[in-house]
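Asker: Residue numbers (the numbering used here): 4 to 651.
This is the structure I want to talk about, given as structure tokens.
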């Protein structure tokens, strides 16, 4: 290409050859990509004058504005010169804003050029969108924030701009949707000022005041909302940025995306959550139990939980989807593992306060009653899983009790019922030993402990287990842990049954479901007798020495029969441990750990059952030290604290 004109030419200074070439270019339709760009600029000067000078006073020139805009579009597409494109689009936008009736389609908002040009374009676009009562597009708000020099951009937003843009748009549609929808600039907001600096040196700058507010001005207030959105987006992005930096993970690593809003999670995980949300929106109160392994598949949940706490994943789901998850450690429940059953439910708009790290009145959250009730639900689930002829009825009774609890928001009742479903699932972790349940009692006040004791009896009765000896023994353990007099167990059982007792002919009250205390005592005596038979089987009759049996004293039906047998108490620190188990323990404390096979052999040598020995010894230790003595499955180990007290 032979250049005949400078970059910014004038017709007067052009040579005759250049003028002739220019006229040929005009007559040829002005669409020759190989033509001198100077010809394009020389023609563009005429378009500028017609649009910025003549059209402001001449109706005929104003009628030519659509044709001028079409011509500018054609020149931009043909010559693709960066400098010319930037200046041509500035004139194009001026024509559309001033003469286009305030209409600006999103497709015309092409964000290229320098930040100053983008800022001006976005200022006009946002102002027109508000004036036409259109929703302010999140993409425009994001672009305004990133290109306006008045906003200070955090490092994470600059480093991960694509992710920042996605989070910003998500917050606009979700958390700040109402703020943006109800926002309006005050009447004192200045009008939108439109300026255009012509390329032609013969023309001066054009300033036009449009009859609509400048929504990007400081007094409009939109900037404060946008900055709040950006701060929230930066906070969300900070977790992702720290994760990528800490683990040197690729920016698009699936596990790294779990630190972002749920909509940015890996496709299979997000689709699974979307289906759950659809079910809950259709009226499902709580979902069937699932696991984090099932929810996060195909990712390895164990590897995920090594790097991202379960509480963080649960918080993301609740924050972005309004879906709660139980067990939720933030609200007093256990921390779920990869295979722990979890239940999802529709959460309320106002989430509960998180559980306090310490039991201090200064740190208790607004809904501290919820954390007390979480501990009660743990007792409910332990009782239901202990065994009952009718577990479904027991579960229904527990749900009814939860629904009766006062001083809790409606969302808390649903959350507690979801926790109960999760903890009663077959795969749920058991609260093994008294010490695990004992920790739950620390969250329960005395008045609530008494109520809980009554509720446990109610659940046992609903499940048809109130007359089972094993269930009564289990209830007695609960009462002891709660510090409630075990004698009241029978009063509570009779009271719960007697409320609906029919009256027989002759005025005699007939209670077919009443708790037969004497029968339970007899069954306990039979249990002790069976224990003696088993002892005679496992023990050597030649070496076995007769052992005295404690007498049975039942002054009232409420005083239970003692089944403790033994010659003497072996350990003063464990006054409730019988002689046989005391002798066994004397042998056991010679080692710190026992293989399960060796432990079973020692139990057989002393004529006691292995499982029963562990329970008897731990029961005695718990009553003395509030913690078990024997721990573990294989090997069986001693708890150092109680062991030291016993040896002393």
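Note that CB positions come from ideal geometry on N, CA and C, so glycine has one too.
Here the structure is a predicted model, which is why all the values come from computation and not from measurement.
1. DSSP three-state call for residue 7: helix, strand or coil?
2. Along the chain, where does the beta strand (DSSP E) that runs through residue 319 open and close?
3. Quick one: what does DSSP say residue 48 is sitting in, helix, strand or coil?
4. Only counting the same chain, and skipping five residues up and downstream in sequence, which positions put a Cβ closer than 7 angstroms to that of residue 591?
5. Using CA coordinates, which residue listed in 59, 99 and 64 is at the minimum distance from residue 686?
6. Residue 43 and residue 78: beta carbons closer than 7 angstroms?
7. Flag this pair as yes or no: are the beta carbons of residue 388 and residue 343 separated by less than 7 angstroms?
8. How close, in whole Å, do the beta carbons of residue 122 and residue 150 come, if the pair is a contact with beta carbons under 8 angstroms?
9. If contact is defined by three or more beta carbon pairs under 8 angstroms, each pair taking one atom from either stretch, is the segment 194 to 204 in contact with the segment 91 to 98?
10. With residue 664 as the anchor, note down where its beta strand (DSSP E) starts and where it stops.
11. Nearest by alpha-carbon distance to residue 142: which of 172, 162 and 136 is it?
12. Could you say if the segment 212 to 225 and the segment 130 to 144 meet the contact criterion of at least three C-beta pairs nearer than 8 angstroms?
13. Could you give the distance in angstroms between the alpha-carbon of residue 136 and the alpha-carbon of residue 86?
14. From this set, 588, 194 and 349, which residue's C-alpha is nearest residue 210's C-alpha?
15. Among residues of its own chain, excluding the 5 on either side of residue 196, which ones have a beta-carbon nearer than 8 angstroms to its beta-carbon?
16. Among 403, 333, 395 and 399, whose alpha-carbon lies nearest the alpha-carbon of residue 374?
17. Measure the alpha-carbon distance for residue 457 versus residue 470 and round it to whole angstroms.
18. Only counting runs of 4 or more residues, tell me where the alpha helix (DSSP H) segments fall wholly within the segment 222 to 310, in order along the chain.
19. Taking only the alpha-carbon atoms, compute the straight-line gap between residue 311 and residue 486 and give it to the nearest angstrom.
20. Identify, in the order they occur along the chain, each residue of the same chain with its Cβ nearer than 6 angstroms to the Cβ of residue 239, setting aside the five sequence neighbours on each side.
21. Look at the Cβ atom of residue 146, then the Cβ atom of residue 174, and state whether they are nearer than 7 angstroms.
22. Going straight from the alpha carbon of residue 636 to that of residue 231, what length do you get?
23. Would the segment 241 to 248 count as touching the segment 153 to 167 if we require 3 or more Cβ pairs under 8 angstroms?
24. Assess, as a yes-or-no matter, whether the segment 4 to 23 is touched by the segment 40 to 54 under the definition of 3 or more beta carbon pairs within less than 8 angstroms.
25. Could you pull out every residue in the same chain whose Cβ sits closer than 6 angstroms to the Cβ of residue 647, ignoring the five residues on either side in sequence?
26. Between the beta-carbon of residue 327 and the beta-carbon of residue 418, is there less than 7 angstroms?
27. Spell out a yes or no on whether the segment 247 to 255 and the segment 290 to 304 are touching, meaning 3 or more CB-CB pairs, one atom from each, closer than 8 angstroms.
28. Between the C-alpha atoms of residue 15 and residue 64, what's the straight-line distance to the nearest angstrom?
29. Let me know the secondary structure DSSP gives residue 566 once reduced to three states.
30. Going straight from the alpha carbon of residue 30 to that of residue 38, what length do you get?
31. Please determine if the segment 402 to 412 and the segment 306 to 320 are in contact, where contact requires at least 3 C-beta pairs separated by less than 8 angstroms.
32. Rounded to a whole number of angstroms, what is the C-alpha to C-alpha distance between residue 599 and residue 422?
33. Considering just the uninterrupted stretch of the beta strand (DSSP E) at residue 639, what are its terminal residues?
34. Between which two residues does the alpha helix (DSSP H) holding residue 165 run?
35. Where are the alpha helix (DSSP H) runs, 4 residues long or more, that stay fully inside the segment 404 to 489, in chain order?
36. Measuring straight from C-alpha to C-alpha, what distance separates residue 74 and residue 40?
Answerer: Once the coordinates are examined:
1. Position 4 of the chain shown holds residue 7. Reduced to three states, the DSSP call for residue 7 is coil.
2. Translated into positions along the chain shown, residue 319 becomes position 316. Note, residue 319: premise wrong, no beta strand (DSSP E); alpha helix (DSSP H) at 313 to 324.
3. Counted from its first residue, the chain shown places residue 48 at position 45. The answer is helix: DSSP assigns residue 48 an H, G or I state.
4. Within the chain shown, residue 591 is the residue found at index 588, counting from 1. The answer, listed in chain order, is 597 and 605.
5. In this structure the chain extends from 4 to 651, so residue 686 is not present and cannot be described.
6. Position 40 of the chain shown, counted from the start, is the residue given in the question as residue 43. Position 75 of the chain shown, counted from the start, is the residue given in the question as residue 78. Yes, Cβ-Cβ distance for residue 43 and residue 78 is below 7 angstroms.
7. As a working note, residue 388 is residue 385 in the chain shown. As a working note, residue 343 is residue 340 in the chain shown. No.
8. Within the chain shown, the letter at position 119 stands for residue 122. Within the chain shown, the letter at position 147 stands for residue 150. The pair is a contact, with the Cβ atoms about 5 angstroms apart (cut-off 8 angstroms).
9. yes
10. In the structure as shown, the chain starts at 4 and stops at 651, and residue 664 therefore has no counterpart that could be examined.
11. Position 139 of the chain shown holds residue 142. The residue with the shortest Cα to Cα distance from residue 142 is 172.
12. yes
13. The residue labelled residue 136 in the question sits at position 133 within the chain shown. The residue labelled residue 86 in the question sits at position 83 within the chain shown. Taking the straight line from one Cα to the other gives about 35 angstroms.
14. Walking along the chain shown from the start, residue 210 turns up at place 207. Of the candidates 588, 194 and 349, the one whose C-alpha sits nearest the C-alpha of residue 210 is 194.
15. Here the question's residue 196 lines up with position 193 in the chain shown. 210, 211, 212, 213 and 217.
16. Counting from 1 along the chain shown, the entry for residue 374 is found at position 371. Nearest of 403, 333, 395 and 399 to residue 374, Cα basis: 333.
17. One-based indexing of the chain shown puts residue 457 at position 454. One-based indexing of the chain shown puts residue 470 at position 467. Each residue's alpha carbon lies about 16 angstroms from the other.
18. 225 to 250, 257 to 260, 270 to 284, 295 to 299 and 304 to 310
19. Indexing the chain shown from 1 puts residue 311 at position 308. Indexing the chain shown from 1 puts residue 486 at position 483. Computed Cα separation, rounded: 39 angstroms.
20. The residue you call residue 239 lines up with position 236 of the chain shown. Excluding residues within five positions, the ones whose Cβ falls inside 6 angstroms are 170.
21. Position 143 of the chain shown, counted from the first residue, corresponds to residue 146. Position 171 of the chain shown, counted from the first residue, corresponds to residue 174. Against a cut-off of 7 angstroms, the Cβ pair of residue 174 and residue 146 comes out as no contact.
22. As a working note, residue 636 is residue 633 in the chain shown. As a working note, residue 231 is residue 228 in the chain shown. Distance between the alpha carbons of residue 636 and residue 231 is about 54 angstroms.
23. yes
24. yes
25. Looking up residue 647 in the chain shown gives position 644. The answer is none, since no qualifying residue turns up.
26. As a working mapping, residue 327 is identified with position 324 in the chain shown. As a working mapping, residue 418 is identified with position 415 in the chain shown. Going by C-beta atoms, residue 327 is nearer than 7 angstroms to residue 418.
27. no
28. As a position in the chain shown, residue 15 is number 12, starting the count at 1. As a position in the chain shown, residue 64 is number 61, starting the count at 1. Each residue's alpha carbon lies about 25 angstroms from the other.
29. The sequence position of residue 566 within the chain shown is 563, counting from 1. The predicted position of residue 566 is uncertain, since its pLDDT is 37 and thus under 50; no value can be drawn from it.
30. Here the question's residue 30 lines up with position 27 in the chain shown. Here the question's residue 38 lines up with position 35 in the chain shown. When rounded, the distance between both Cα atoms is 13 angstroms.
31. no
32. Residue mapping note: residue 599 aligns to position 596 of the chain shown, counting from 1. Residue mapping note: residue 422 aligns to position 419 of the chain shown, counting from 1. Their backbone Cα atoms lie some 34 angstroms apart in a straight line.
33. Translated into positions along the chain shown, residue 639 becomes position 636. 639 to 641 is the span of the beta strand (DSSP E), which, as asked, contains residue 639.
34. Mapped onto the chain shown, residue 165 falls at position 162. 164 to 176 is the extent of the alpha helix (DSSP H) around residue 165.
35. 413 to 426, 436 to 444, 449 to 465 and 472 to 485
36. By 1-based counting over the chain shown, the position of residue 74 is 71. By 1-based counting over the chain shown, the position of residue 40 is 37. Roughly 15 angstroms separates the two Cα atoms.
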